[in-house]
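This report concerns only the one structure given below.
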Amino acid sequence: MKFNFAIIIHILGILLMISGGFMFLCFPFSIFFWEGDWINMLIACAITVLAGFIAWRRTKNNQNRELKKRDGYLIVSFGWLIMSIFGTLPYLLTGTIPNFTDAFFETLSGFTTTGASIITDIESVPKAVLLWRSLTQWIGGMGIIVLTVAILPILGIGGMQLFVAEAPGISPDKLQPRIKETAKRLWLLYVGLTVAETILLMLGGLSFFDALNHGLTTMATGGFSTKNSSVAEFSPYLQYVIIGFMFLAGTNFTLTYFSLKGDFKKVWRNEEFRKYVGLIFFVTLATAVTIYIVTDHDIEKSFRDALFQVIGITTTTGFVSADYTSWTPFLTVLFFLLMFVGGMAGSTAGGVKIVRHIILFKNSLLELKRQVHPAAVIPVRLNRKAVNQEITYNILAFIMIYMFIFGIGIVVMSLLGVDFITSLGSVATSIGNIGPGLGDVGPVDNFAGLPSAAKWFLAFLMLLGRLELFTFLMLFTPYFWRRY
C-alpha cells in the first residue's frame, strides 16, 4: 500500500492555517496592552498561515481523496511536530525565548499539554506571547486533529482514521454515529466549559486576561499559568473553581455530556468514573491528614492543598498550589506514583489512564483463577461487559512499553549528566504529560537548567506520551513503511 503524500501535505497545510488563525487571536492583545511586540506576532501569524496555504493550495487538485489508516498516523504525528516548529515563531521573533531548543521545548510542552516550562520569569513575558502559550495547550488539549475531523467531510475526505489515531484512551466513545457530529459536540462542550470557568474566575477577582489563560489551560489539563507562583497565591475560592474544572477535564467528555443532559445514572454506572472518584477521595484523605499532622495548616487549608495537588497530578494538569515535595518523603513518593495513573479515557488528561489500570488489575486477578481452573473461559469484564481479548493484550503491551521507555529514559537522562532524582521526575512527568516533577524540575523549579540534549529527549517523550506511544512508535518500525 502506498502513502497518499499529496493528501497528507494537504491536511498538514490545513492544520497550519488553523494554528495560524489561533495565533492571530493574540494580535489584539498585543495592541491592547501595547507592549511593542504586535508586529512580531503579526509576522509569526503570517508566516504560519502562508506556509499552510501554500501546502494546501499545491495539493488542492489532487484526485485521490482517500485517506488510509497509515496516512492518518502520519498526519497526527507530523501534525504535532510541524505545528510545534511554527509555534516557536512568537517566542523567537519577540525575543521571549531566543534559543530554538528552548522555544521548541516550550511549544511542544504546550501542544502536548505537558506544562513543563523553561521560562524563569513568566510575569515578564509579553501578554500576547503568554496567551499564545496558553492557546497551544488549549489547542492540544482536545487535539486540533479532532477539530479538523469536523472539516474534512466538507473537503470530501473521510476523517475516521484521524480520530482513531488521535482520540485519547483505548477507543473513541462516539456521542453520535457520525464522526463529524461527535467532533462538533466535543468541541462545543470544550468551549462551553472553558467559557464557564473563565467567568467564574473573573467573579473571584481575576482579571479577564488571567481568567482566560487559566480557563484555557485548565480545560486542556495543561497547567501553564500567567503567574510565577502558579496558583499558589490565589484565593481559596479561585483554587476550588480550578479544582472543579480540573476534575471535569480529567473526566471522560462523553460522561460530562450525559451529566449535562441529566443522565446521572449512566455516569455513575461507569466503572472507570467510580474508580476515578474513589482514588481521588482516598488519596486526598490520606494526604490531608498527613499535611495536617506535619504542618501548622488548619483543616481547610490541609484539605484544599491535598485535593488540589491530588487532582492536579492525577489529571496531569500540573498546576501548583504548594510544594508537595517539602511535606514528607511519604507524600513525595505518593505523588510520584500518581504520575503513573492519569485521568479517564476520553478526557484531555495524559498518563496511562485509569481504565488501563482497572483492566490490568482485573486480568492479573483472573490469572490466579485460571491457574486453578485452566480449562475455564473467564473474560475480563468492564461495566459488566466482557472486554475483547485483543484490548487486554493491547493494554498489557502498552504498560510494558510505557515502563520500558520510563526505565530507558532514566538511563538516558543520567548519561546526559542529570542526577537520579531529577531524571526520575523529569522522565515520569514528560511521558505522562504532567508538568512538575521531582528534584531540579520539582513544583518550585522548572526545566531551564537541563542540558539541551536532555530537553530534546524529554520533548520526544512528551510527544510519545501525548500520542499514547503506539501512534508515534509505529513510525520507527520497518513494516509501517513497507509496501504491500
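Mapping to my numbering: the sequence shown position 38 is 35, numbers consecutive.
Note that beta-carbon positions come from the ideal geometry of N, C-alpha and C, so glycine has one too.
Just so we're clear, the structure is a prediction, and the values are computed from it rather than from any experiment.
Alpha carbon to alpha carbon, what distance is there between residue j and residue i?
{"i": "Trp324", "j": "Lys359", "result": "33 Å"}
{"i": "Lys181", "j": "Asp295", "result": "45 Å"}
{"i": "Ile418", "j": "Ile388", "result": "34 Å"}
{"i": "Phe26", "j": "Leu39", "result": "11 Å"}
{"i": "Gly305", "j": "Leu460", "result": "Here residue 305 is Phe; the residue named in the question, Gly, does not match the sequence. Each residue's alpha carbon lies about 26 Å from the other."}
{"i": "Thr91", "j": "Asp34", "result": "6 Å"}
{"i": "Leu466", "j": "Lys350", "result": "13 Å"}
{"i": "Glu269", "j": "Leu89", "result": "43 Å"}
{"i": "Tyr321", "j": "Ile239", "result": "18 Å"}
{"i": "Ser227", "j": "Phe261", "result": "34 Å"}
{"i": "Ile154", "j": "Phe250", "result": "With a pLDDT of only 47 at Ile154, under 50, the local geometry of the prediction cannot be trusted, and the value read off the model is given with reservation. Approximately 25 Å, taken between the alpha carbons."}
{"i": "Lys224", "j": "Ile119", "result": "6 Å"}
{"i": "Leu363", "j": "Arg271", "result": "21 Å"}
{"i": "Phe21", "j": "Glu194", "result": "23 Å"}
{"i": "Phe347", "j": "Thr313", "result": "Just to set this straight, residue 347 is Gly in the shown sequence, not Phe. Going from the Cα of Gly347 to the Cα of Thr313 covers about 6 Å."}
{"i": "Phe536", "j": "Leu86", "result": "Outside the modelled stretch of the chain, which goes from -2 to 481, sits residue 536, for which no answer is possible."}
{"i": "Asp416", "j": "Phe337", "result": "21 Å"}
{"i": "Trp53", "j": "Ser74", "result": "18 Å"}
{"i": "Leu276", "j": "Phe332", "result": "13 Å"}
{"i": "Val438", "j": "Phe395", "result": "26 Å"}
{"i": "Pro123", "j": "Phe221", "result": "15 Å"}
{"i": "Ala217", "j": "Gly138", "result": "4 Å"}
{"i": "Phe0", "j": "Lys65", "result": "8 Å"}
{"i": "His370", "j": "Ile308", "result": "40 Å"}
{"i": "Ser361", "j": "Ser423", "result": "29 Å"}
{"i": "Leu328", "j": "Thr284", "result": "7 Å"}
{"i": "Gln236", "j": "Ser204", "result": "15 Å"}
{"i": "Phe278", "j": "Ala303", "result": "10 Å"}
{"i": "Leu470", "j": "Ile196", "result": "41 Å"}
Please report the residue range of the alpha helix (DSSP H) in which residue i lies.
{"i": "Gly10", "result": "Phe2 to Phe21"}
{"i": "Thr426", "result": "Phe417 to Ile428"}
{"i": "Ser483", "result": "Because the chain spans -2 through 481 in this model, residue 483 falls outside it and cannot be assessed."}
{"i": "Phe506", "result": "No information on residue 506 is available, as it lies outside the stretch -2 to 481 that the chain covers here."}
{"i": "Val409", "result": "Gln386 to Leu412"}
{"i": "Trp53", "result": "Trp35 to Arg55"}
{"i": "Gly275", "result": "Glu268 to Val291"}
{"i": "Met471", "result": "Careful: Met471 lies outside any alpha helix (DSSP H) and carries neither H nor E."}
{"i": "Val307", "result": "Ile296 to Thr311"}
{"i": "Asp207", "result": "Phe205 to Met216"}
{"i": "Pro25", "result": "Phe24 to Phe30"}
{"i": "Ala246", "result": "Pro233 to Ala246"}
{"i": "Lys262", "result": "Phe261 to Trp265"}
Tell me whether residue i is buried or exposed, calling it buried when 16 or more other Cβ atoms sit within 10 Å of its Cβ.
{"i": "Asn59", "result": "exposed"}
{"i": "Thr111", "result": "buried"}
{"i": "Ala41", "result": "buried"}
{"i": "Leu365", "result": "exposed"}
{"i": "Trp129", "result": "buried"}
{"i": "Val408", "result": "exposed"}
{"i": "Pro440", "result": "buried"}
{"i": "Ile151", "result": "Its pLDDT being 44, under 50, Ile151 is placed unreliably by the model, and the measurement read from it follows with that caveat. It is exposed - the Cβ of Ile151 has fewer than 16 other Cβ atoms within 10 Å."}
{"i": "Pro233", "result": "exposed"}
{"i": "Gln134", "result": "buried"}
{"i": "Ala383", "result": "exposed"}
{"i": "Tyr273", "result": "buried"}
{"i": "Ala342", "result": "buried"}
{"i": "Trp77", "result": "buried"}
{"i": "Leu12", "result": "buried"}
{"i": "Val192", "result": "exposed"}
{"i": "Val126", "result": "buried"}
{"i": "Arg463", "result": "buried"}
{"i": "Ile4", "result": "buried"}
{"i": "Val330", "result": "exposed"}
{"i": "Ile51", "result": "exposed"}
{"i": "Leu149", "result": "Since pLDDT at Leu149 reaches only 48, below the 50 mark, its modelled position is unreliable, and the value read off the structure follows with that caveat. Classification of Leu149: buried, given that the 10 Å Cβ count is 16 or more."}
{"i": "Thr253", "result": "buried"}
Of all Cβ atoms in chain D, is any one closer than 8 Å to the Cβ of residue i?
{"i": "Thr93", "result": "Looking for chain D here will not work: only one protein chain is present."}
Looking at residue i and the ligand NAD, is the gap between the Cβ and the nearest heavy atom below 7 Å?
{"i": "Cys42", "result": "With respect to the ligand NAD, the structure offers nothing, as it holds no ligand at all."}
Notebook entry, point to check: At a cut of 8 Å, does the stretch 369 to 387 reach the stretch 443 to 454 through at least three beta carbon pairs?
Noted result: No: the two stretches stay apart, fewer than three of their Cβ pairs being nearer than 8 Å.
Item checked: Complete runs of the alpha helix (DSSP H) confined to the stretch 80 to 146 [at least 4 residues] -> Runs of the alpha helix (DSSP H) inside the stretch 80 to 146: 86 to 91, 97 to 108, 124 to 139 and 141 to 146.
- Query: If you pair each beta-carbon of the stretch 104 to 119 with each one of the stretch 415 to 431, do three or more pairs fall below 8 Å?
  - Reply: Under the Cβ criterion (8 Å, minimum of three pairs), the stretch 104 to 119 counts as touching the stretch 415 to 431.
Segments assigned beta strand (DSSP E), at least 3 residues, entirely inside the stretch 326 to 366
Listed in chain order, nothing qualifies, since the stretch 326 to 366 has no complete beta strand (DSSP E) run of 3 or more residues.
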